[in-house]
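J.:
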Amino acid sequence: MDLSKMTRRDFHKSTTLGVTSLALSPGPAVHNVVGANDRIGVGLIGAGGQGRFDFSSMIRTNQVDPIAAADVYSLPLAQTLDSIGVPPGKTVGYGDFRKILDRKDIDAVIVATPEHWHGIPMIMACQAGKDVYVEKPISHTIYEGRKMVEAANKYNRVVTCGTQQRSGEHYQKVVEMIRGGKIGKVTYVEAYLYGGGFTRENRKQTPPPDCDPPTGFDWDFWLGPAPYHHYNRSRRGFTGFWETGGGETTNWGPHLMDVVHWAMQVDAPLTVSASGGRFASQGIYETPDTFESLYEYPPCPLNSAGFLARFSFHLGRGPDEHSYGTQFYGTDGTLFINREGYVIWPAARQSDVWETFGRTDIEKGDGTPQHQPHVVNFLECVRSRQKPNADIETTHRTTSSCIIANIAQRLGRKLRWDRDKEQFIGDAQANKMLNEERRKPWDVI
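Just so it is clear: in the sequence shown, position 171 is 170 by numbering that gives the first Met the number 0, and no numbers are missing.
Set out below in structure tokens:
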């Protein structure tokens, strides 16, 4: 198992030879196609908790061979290699993800790195002829996301995003009901996260001091394209810093806003405004712990006049004991859905003075599995070359809606969005935030 760390000289030499081709080379010709009965060789890039979960889910299908895993930190890498389901001694560990891309026996890779590291390995994997399962949010910037879409198309790769709700039967059923007019004309949708999030408890802590990174942790490689900072364990909570994440807006937002886009058959708002701040934390992170954004969407099949949508997160208990979910308000009823199930309430009862009438029944449905069917859908598409449930273009658009909300909050003003140009209308300052500078040698997108 190769867990040795490269020297800085070796690192820069290898990146000069291997990474600059991302911008300069058309890439190798892609010929590998997995047969209907062939096993799929899989590699994992990013061996933290989510990556380990994705990797084990693929192994459970009994359709894949877990060839290799890579991580810049040897501890989670070793934990992944020793986890249940991974064949002892048969899965190789690397400290550099590019060694996975060099292997001809790997057909597909999982990218489950921190948010700022999704784009570069995904694009390089496409160039290397690999299909990709990339975790949400697919990108850190709008520009990066579009380059990822272009790479998938150029190299004819199957790419899916970890927005697994797309593969849940009860989600699919609800989308069909909404599109079929179950709750009438939809005028307003809200998506929310209350009291949750992966960084919530950390926000309450006193900021720790800078120190040396743990043994076996290549901190410089972890930062990668992001600006250099001395090691601080709080910075590993990447969603809390603008340089490596986007807070809960890009952490949970892609899941919740994806349901809005999917059901309403839209992929971009006309305008976005947002407010937020750090009202519950003690200064560890930069991104808000309390946030609310409001979108105006164009006419769509469910409302020829368009509709409003809201995304928010904050501390406390959610309505009806739901800590997260998406709720649709229509002329004939209200529908709530999350991973645990759905509820449909009829419209308010009507009265003509002498009598009151109308529906009173409340319809409910249980949740269904999402993640495992999502993994199976990806592997099926690796074989068939069909578009997966959460294809790269669709998830890029959903991720974009979350990124532009963060930009609106940081600038403190309402922004108008051009869906086709993927730019803000008449706002040069906002447009500068659609991309970012990347630290050498990763300044290649």
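No residue lacks a Cβ here, since even glycine has one placed at the ideal position from N, Cα and C. In this text the structure is predicted, and so the values were computed from the model without any measurement.
1) Do MET176 and SER400 have their CB atoms nearer than 9 Å?
2) By Cβ distance below 8 Å, which residues in the same chain neighbour LEU74 in space, the five residues on each side in sequence not counted?
3) Is there contact here, the stretch 430-438 with the stretch 218-228, by at least three beta-carbon pairs under 8 Å?
4) Identify the residues that DSSP records as bridge partners of TYR93: which are they?
5) For my contact list, ARG102 and ALA67 are in at a C-beta cut-off of 8 Å; report their separation, rounded to the angstrom.
6) ILE137 lies in the beta strand (DSSP E); which residues open and close that run?
7) Kindly give me the distance between the Cβ atoms of GLN164 and GLN385, rounded to whole angstroms, as I take these residues to be in contact under 8 Å.
8) When the Cα atoms are used, what is the spatial distance from TYR294 to LYS413?
9) Roughly how many angstroms separate the alpha carbons of TRP261 and GLY88, rounded to a whole number?
10) Would you call the CB atoms of LEU100 and THR90 closer than 9 Å?
11) May I have the straight-line CA-CA distance separating VAL374 from GLY144, to the nearest angstrom?
12) Residue range of the alpha helix (DSSP H) that ALA190 falls in?
13) For the beta strand (DSSP E) containing SER292, list its first residue and its last residue.
14) Can you tell me which of the three DSSP states GLY329 falls into?
15) According to the Cβ coordinates, are GLY47 and ALA107 closer than 9 Å?
16) For ARG165, name the three-state secondary structure that DSSP assigns.
17) Output yes or no for whether 9 Å exceeds the beta carbon distance between PRO253 and THR159.
18) How far does the beta strand (DSSP E) with GLU362 in it extend, from its first residue to its last?
19) Helix, strand or coil for ILE336 per DSSP?
20) So, at 6 Å on beta carbons, what are the nonlocal neighbours of MET121 in its own chain, with the 5 sequence-adjacent residues on each side left out?
21) Would you list the one or two residues that DSSP bridges to TYR341?
22) At a threshold of 8 Å, does GLY246 count as lining the ligand COA (C-beta to nearest heavy atom)?
23) At the level of alpha carbons, what is the spacing between PRO113 and TYR296?
24) In whole angstroms, what separates the C-alpha of THR393 from that of CYS210?
25) For ASN376 and SER55, what's the separation of their Cα atoms in angstroms?
26) Please report the distance separating the alpha-carbon of HIS117 from that of PRO136.
27) By a C-beta neighbour count over all protein chains shown, 10 Å radius and 16 as the cutoff for buried, is GLN455 buried or exposed?
28) Can you grab the Cα-Cα spacing for the pair TRP344 / ASP331, in whole Å?
29) Taking only three categories from DSSP, how would you classify CYS125?
30) Buried or exposed: which applies to ALA404, given that a residue is buried once 16 or more other Cβ atoms fall within 10 Å of its Cβ?
31) Across which residues does DSSP place VAL41 in a beta bridge pair?
T.: Inspection of the coordinates gives the following:
1) The count along the sequence shown starts at 1 and reaches residue 176 at position 177. The count along the sequence shown starts at 1 and reaches residue 400 at position 401. No; because the gap between Cβ atoms is not below 9 Å, this pair is not in contact.
2) As a working note, residue 74 is residue 75 in the sequence shown. So the qualifying residues of the chain are PRO213, GLY215, PHE216.
3) yes
4) Walking along the sequence shown from the start, residue 93 turns up at place 94. DSSP, once it has assigned bridges, lists ALA69 as partnering TYR93.
5) Within the sequence shown, residue 102 is the residue found at index 103, counting from 1. Within the sequence shown, residue 67 is the residue found at index 68, counting from 1. Correct: roughly 6 Å between the Cβ atoms.
6) For this step, residue 137 is matched to residue 138 along the sequence shown. ILE137 -> no beta strand (DSSP E), and no H or E assigned at all.
7) Taking the first residue of the sequence shown as 1, we reach residue 164 at position 165. Taking the first residue of the sequence shown as 1, we reach residue 385 at position 386. At roughly 19 Å, the Cβ-Cβ gap does not stay under 8 Å, so GLN164 and GLN385 are not in contact.
8) Counted from its first residue, the sequence shown places residue 294 at position 295. Counted from its first residue, the sequence shown places residue 413 at position 414. About 10 Å.
9) Along the sequence shown, read from residue 1 onward, the residue named residue 261 stands at position 262. Along the sequence shown, read from residue 1 onward, the residue named residue 88 stands at position 89. TRP261 and GLY88: Cα-Cα distance of roughly 42 Å.
10) Within the sequence shown, residue 100 is the residue found at index 101, counting from 1. Within the sequence shown, residue 90 is the residue found at index 91, counting from 1. Not in contact: LEU100 and THR90 (Cβ atoms no closer than 9 Å).
11) Taking the sequence shown and counting its residues from 1, the one referred to as residue 374 is at position 375. Taking the sequence shown and counting its residues from 1, the one referred to as residue 144 is at position 145. Cα to Cα, VAL374 sits roughly 22 Å from GLY144.
12) The residue labelled residue 190 in the question sits at position 191 within the sequence shown. Per DSSP, ALA190 belongs to no alpha helix (DSSP H); it is in the beta strand (DSSP E), 185-193.
13) Position 293 of the sequence shown holds residue 292. Residues 289-296.
14) Residue mapping note: residue 329 aligns to position 330 of the sequence shown, counting from 1. It is a strand residue.
15) The residue labelled residue 47 in the question sits at position 48 within the sequence shown. The residue labelled residue 107 in the question sits at position 108 within the sequence shown. No; because the gap between Cβ atoms is not below 9 Å, this pair is not in contact.
16) Numbered from its first residue, the sequence shown carries residue 165 at position 166. Of the three classes helix, strand and coil, the one that applies to ARG165 here is helix, per DSSP.
17) What you label residue 253 is simply residue 254 of the sequence shown in a count that begins at 1. What you label residue 159 is simply residue 160 of the sequence shown in a count that begins at 1. No. Outside cutoff.
18) Here residue 362 is taken as the residue at index 363 of the sequence shown, counted from 1. Segment 362-365, the beta strand (DSSP E) holding GLU362.
19) For the purposes of this step, residue 336 is identified with residue 337 of the sequence shown, where counting begins at 1. Note: ILE336 maps to strand in three-state DSSP.
20) Indexing the sequence shown from 1 puts residue 121 at position 122. Excluding sequence neighbours, MET121 sits near VAL110, VAL131, VAL133, MET147.
21) By 1-based counting over the sequence shown, the position of residue 341 is 342. Paired residue(s): ILE336, GLY364.
22) Looking for the ligand COA in the displayed structure turns up nothing, as the structure carries no ligands at all.
23) Translated into positions along the sequence shown, residue 113 becomes position 114. Translated into positions along the sequence shown, residue 296 becomes position 297. Distance between the alpha carbons of PRO113 and TYR296: 30 Å.
24) As a position in the sequence shown, residue 393 is number 394, starting the count at 1. As a position in the sequence shown, residue 210 is number 211, starting the count at 1. Using only the alpha carbons, I get a separation of about 41 Å.
25) Locating residue 376 in the sequence shown gives position 377, where the first residue counts as 1. Locating residue 55 in the sequence shown gives position 56, where the first residue counts as 1. Answer to the nearest angstrom: the Cα atoms are 15 Å apart.
26) The count along the sequence shown starts at 1 and reaches residue 117 at position 118. The count along the sequence shown starts at 1 and reaches residue 136 at position 137. Approximately 8 Å, taken between the alpha carbons.
27) The shown model of the chain, from 0 to 444, leaves out residue 455, and the question about it has no answer.
28) For the purposes of this step, residue 344 is identified with residue 345 of the sequence shown, where counting begins at 1. For the purposes of this step, residue 331 is identified with residue 332 of the sequence shown, where counting begins at 1. Roughly 9 Å between the two C-alpha positions.
29) Working through the sequence shown from its first residue, we reach residue 125 at position 126. Correct three-state label for CYS125: helix.
30) As a working note, residue 404 is residue 405 in the sequence shown. Burial call: buried.
31) If you number the sequence shown from 1, residue 41 lands on position 42. Paired residues: PRO65, ALA107.
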